[in-house]
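Everything below concerns the one structure shown next.
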Amino acid sequence: MLRRLLDETLDPGYEQAAARRAGAGADAAERASAGTGLLGRLVLAGCLLLIGGLTTIVITQVRSSAPQREELRQALIQDIAAQRAAGDLLQRRLVEVRDQATRAREELLAATTQGQNALDELDRAETGAGLTTVRGPGLAVTLTDAPAPDDGGENLGRILDGDVQSVVNALWAAGAEAVAIDGQRLGPTTSIRSAGQAILVDFRPVTSPYLIEAIGPRDMFDRLLESAAGRTLASYASAFGLGLDVVQVDQLQLLPGAGGVITQAEPARLRGEAEEGGP
Amino acid sequence: MRGIRTGPLIPILGLAVGITAGVLLDPTVPTSLQPYLPIAVVAALDAVFGGIRARLDDIFDAKVFVVSFVSNVIVAGLIVFLGDQLGVGAQLSTAVIVVLGIRIFGNVAAIRRHLFRA
Numbered sequence: 000m001l002r003r004l005l006d007e008t009l010d011p012g013y014e015q016a017a018a019r020r021a022g023a024g025a026d027a028a029e030r031a032s033a034g035t036g037l038l039g040r041l042v043l044a045g046c047l048l049l050i051g052g053l054t055t056i057v058i059t060q061v062r063s064s065a066p067q068r069e070e071l072r073q074a075l076i077q078d079i080a081a082q083r084a085a086g087d088l089l090q091r092r093l094v095e096v097r098d099q100a101t102r103a104r105e106e107l108l109a110a111t112t113q114g115q116n117a118l119d120e121l122d123r124a125e126t127g128a129g130l131t132t133v134r135g136p137g138l139a140v141t142l143t144d145a146p147a148p149d150d151g152g153e154n155l156g157r158i159l160d161g162d163v164q165s166v167v168n169a170l171w172a173a174g175a176e177a178v179a180i181d182g183q184r185l186g187p188t189t190s191i192r193s194a195g196q197a198i199l200v201d202f203r204p205v206t207s208p209y210l211i212e213a214i215g216p217r218d219m220f221d222r223l224l225e226s227a228a229g230r231t232l233a234s235y236a237s238a239f240g241l242g243l244d245v246v247q248v249d250q251l252q253l254l255p256g257a258g259g260v261i262t263q264a265e266p267a268r269l270r271g272e273a274e275e276g277g278p
Numbered sequence: 000m001r002g003i004r005t006g007p008l009i010p011i012l013g014l015a016v017g018i019t020a021g022v023l024l025d026p027t028v029p030t031s032l033q034p035y036l037p038i039a040v041v042a043a044l045d046a047v048f049g050g051i052r053a054r055l056d057d058i059f060d061a062k063v064f065v066v067s068f069v070s071n072v073i074v075a076g077l078i079v080f081l082g083d084q085l086g087v088g089a090q091l092s093t094a095v096i097v098v099l100g101i102r103i104f105g106n107v108a109a110i111r112r113h114l115f116r117a
């Protein structure tokens with residue numbers, strides 16, 4: 000079959016037609032070759048017209064589809080930027096409204112002792128949840144990807160989600176009250192994980208250099224550098240060339256985060272009530 | 000038989016008009032037809048080179064050419080369509096391209112032998 004395929008590249012129909020013409024003699028040949036008269040040539044021209052049109056259509060189609068894809072990509076990027084800006088706006092609005100609510104609550108609760116107790120408890124809970132603005136001295140940790148290797152190989156000095164996680168955990172362990180990554184405040188339910196090449200903090204991508212800010216006690220600097228995570232990263236920094244930079248900052252201000260979605264709640268038992276006998 | 004050799008003007012004119020129309024009109028192809036067009040073009044090219052070779056062999060026949068062109072395009076499209084339905088569209092497209100490619104190569108080689116006697 001392959002031999003036939005390779006040898007008989009010409010449609011056998013041509014030879015058969017030629018044989019028919021030769022066999023039928025001169026008169027019949029006139030009739031049989033009528034296809035090559037004016038009508039035949041017009042049909043032929045029509046076919047070639049179709050072929051030429053088809054070919055150019057396909058070529059233009061293939062050529063134009065590449066920029067189309069690029070356009071689509073740009074449009075999607077613009078969409079993402081627009082949606083992110085809208086999200087930021089809503090986030091700011093949320094912080095504003097929450098501030099108003101907090102002020103109104105404080106005014107109402109500050110009047111009574113019981114209210115004051117509740118307020119103290121709320122304050123602690125909100126600080127823990129990253130819902131309040133926190134100011135104070137702290138640390139600024141900057142993690143930077145190592146420059147890509149010249150040979151195009153895998154960059155072993157790329158910051159991974161685990162590196163960011165270990166720094167954040169070490170900061171909490173060192174007594175940090177509030178932590179933010181690239182200005183994004185961390186709450187109790189914040190996730191730090193990678194998706195492909197990007198690191199997502201609460202599903203928002205952050206990129207190198209990663210700035211981790213933390214507010215906490217003065218000795219946080221030493222405790223961070225002495226922690227297991229600090230030592231591991233320092234060894235990575237010398238071995239793979241990734242950037243690790245820890246600076247003490249006198250005055251940091253961390254804005255409140257979005258806060259998690261509340262999935263469970265129960266009525267609070269205030270300390271004043273608890274002594275009276277419970278539920 | 001020498002009459003066949005005269006007047007290739009009209010078909011060539013047709014080809015030129017087709018190319019011009021394709022460039023100028025820039026028609027949009029329905030998405031459902033898009034996978035079949037490249038295959039159809041390769042099938043059409045096979046018919047064209049077959050026709051040129053037959054002409055050089057002095058056995059050209061317009062009827063055979065038209066029938067081979069139309070059937071080539073339709074069969075190639077059908078094979079790809081069937082392949083798509085069976086989930087082997089990409090492989091069958093490759094098979095069609097390979098077979099038609101071999102034929103085009105063979106015909107072009109024959110044309111070359113005719114033209115350059117080598």
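Protein sequence lines, in the order shown, are assigned to chains G and Z.
Mapping of the first sequence onto numbering that gives the first Met the number 0: position 232 corresponds to residue 231, and the numbering continues sequentially without gaps.
Mapping of the second sequence onto numbering that gives the first Met the number 0: position 18 corresponds to residue 17, and the numbering continues sequentially without gaps.
Using N, Cα and C, we set each Cβ at its ideal position, and we do this for glycine too.
Just so we're clear, the structure is a prediction, and the values are computed from it rather than from any experiment.
To the nearest angstrom, report how far apart A194/G and R92/G are at their CA atoms.
-> Locating residue 194/G in the first sequence gives position 195, counting from the first residue. Locating residue 92/G in the first sequence gives position 93, counting from the first residue. So the alpha carbons of these two residues sit roughly 29 Å apart.
Of the residues G127/G, A103/G and V248/G, the one placed nearest G135/G, counting alpha carbons only | Here residue 135/G corresponds to residue number 136 of the first sequence, with the count starting at 1. Considering only alpha carbons, the answer is V248/G.
Contact the segment 222 to 237 of chain G vs the segment 165 to 176 of chain G: 3+ CB pairs below 8 Å = yes
Listing by chain order, which chain G residues have their CB less than 7 Å from the CB of V63/Z?
-> The residue given as residue 63/Z occupies position 64 in the second sequence. Here the neighbours are D10, G12, Y13 and A16.
Taking only beta carbons into account, state which residues of the segment 63 to 85 of chain G come closer than 7 Å to chain Z, listed in chain order.
-> none
For R192/G, the first and last residue of its enclosing beta strand (DSSP E) | For the purposes of this step, residue 192/G is identified with residue 193 of the first sequence, where counting begins at 1. It spans I191 to A194 - the beta strand (DSSP E) in which R192/G sits, taken as one unbroken run.
Nearest to T55/G (by Cα), restricted to the options I9/Z, V22/Z and I110/Z | Here residue 55/G refers to the residue found at position 56 when the first sequence is read from its first residue. For the residues I9/Z, V22/Z and I110/Z, the minimum Cα distance to T55/G belongs to V22/Z.
Taking Cβ-Cβ distances below 7 Å as the criterion, which residues of the segment 90 to 102 of chain Z are in contact with chain G?
-> V98, I101 and R102
At a CB-CB cut-off below 7 Å, which residues of chain G make contact with R52/Z?
-> The residue you call residue 52/Z lines up with position 53 of the second sequence. Going along chain G in sequence order, the residues near R52/Z (Cβ under 7 Å) are L9.
Taking the DSSP output, what are the residues bridged to V140/G?
-> Counting from one through the first sequence, the residue named residue 140/G turns up at place 141. V140/G is bridged to I211/G and V245/G.
Count the other C-beta atoms from every protein chain shown that fall within 10 angstroms of the C-beta of G256/G, then say buried if there are 16 or more, exposed otherwise.
-> Indexing the first sequence from 1 puts residue 256/G at position 257. Classification of G256/G: buried, given that the 10 Å Cβ count is 16 or more.
Taking only beta carbons into account, state which residues of the segment 68 to 91 of chain Z come closer than 7 Å to chain G, listed in chain order.
-> F68
Ignore the nearest five residues each way along the sequence and tell me which others in G34/G's own chain have a CB closer than 6 Å to its CB.
-> Indexing the first sequence from 1 puts residue 34/G at position 35. Only weak support exists for where G34/G lies, its pLDDT of 49 falling under 50; the value from the coordinates is given anyway. Within the same chain, G34/G has no close Cβ partners at all.
Would you kindly work out how many angstroms separate the C-alpha atoms of A53/Z and L71/G, rounded to a whole number?
-> One-based indexing of the second sequence puts residue 53/Z at position 54. One-based indexing of the first sequence puts residue 71/G at position 72. For A53/Z and L71/G, the distance between alpha carbons rounds to 47 Å.
Spatial neighbours of R4/Z within its chain, please: CB distance less than 6 Å, with the 5 preceding and 5 following residues excluded, ordered by chain position.
-> Position 5 of the second sequence holds residue 4/Z. Residue placement at R4/Z is flagged as unreliable, the pLDDT there being 47, under the threshold of 50; the coordinate-derived value follows with that caveat. Counting only Cβ-Cβ distances below 6 Å, and skipping sequence neighbours, we find nothing.
Between F48/Z and V107/Z, is the Cβ-Cβ spacing less than 8 Å?
-> Here residue 48/Z refers to the residue found at position 49 of the second sequence. Here residue 107/Z refers to the residue found at position 108 of the second sequence. Yes, they are a contact pair.
Considering only C-alpha positions, which residue in the set A61/Z, I11/Z and L99/Z is nearest to I78/Z?
-> On the second sequence, position 79 is the one that residue 78/Z refers to. When only C-alpha atoms are compared, the closest one is L99/Z.
What's the C-alpha gap between A16/G and A65/G?
-> Your numbering for residue 16/G matches position 17 in the first sequence. Your numbering for residue 65/G matches position 66 in the first sequence. Each residue's alpha carbon lies about 45 Å from the other.
Is it the case that the Cβ atoms of L118/G and E105/G are separated by a distance below 8 Å?
-> Here residue 118/G refers to the residue found at position 119 of the first sequence. Here residue 105/G refers to the residue found at position 106 of the first sequence. Against a cut-off of 8 Å, the Cβ pair of E105/G and L118/G comes out as a contact.
With 8 Å as the threshold, decide whether the Cβ of P29/Z is near any Cβ in chain G.
-> For the purposes of this step, residue 29/Z is taken as the residue at position 30 of the second sequence. Cβ-Cβ to chain G under 8 Å: no for P29/Z.
In three-state DSSP terms, what is V66/Z?
-> Looking up residue 66/Z in the second sequence gives position 67. The answer is helix: DSSP assigns V66/Z an H, G or I state.
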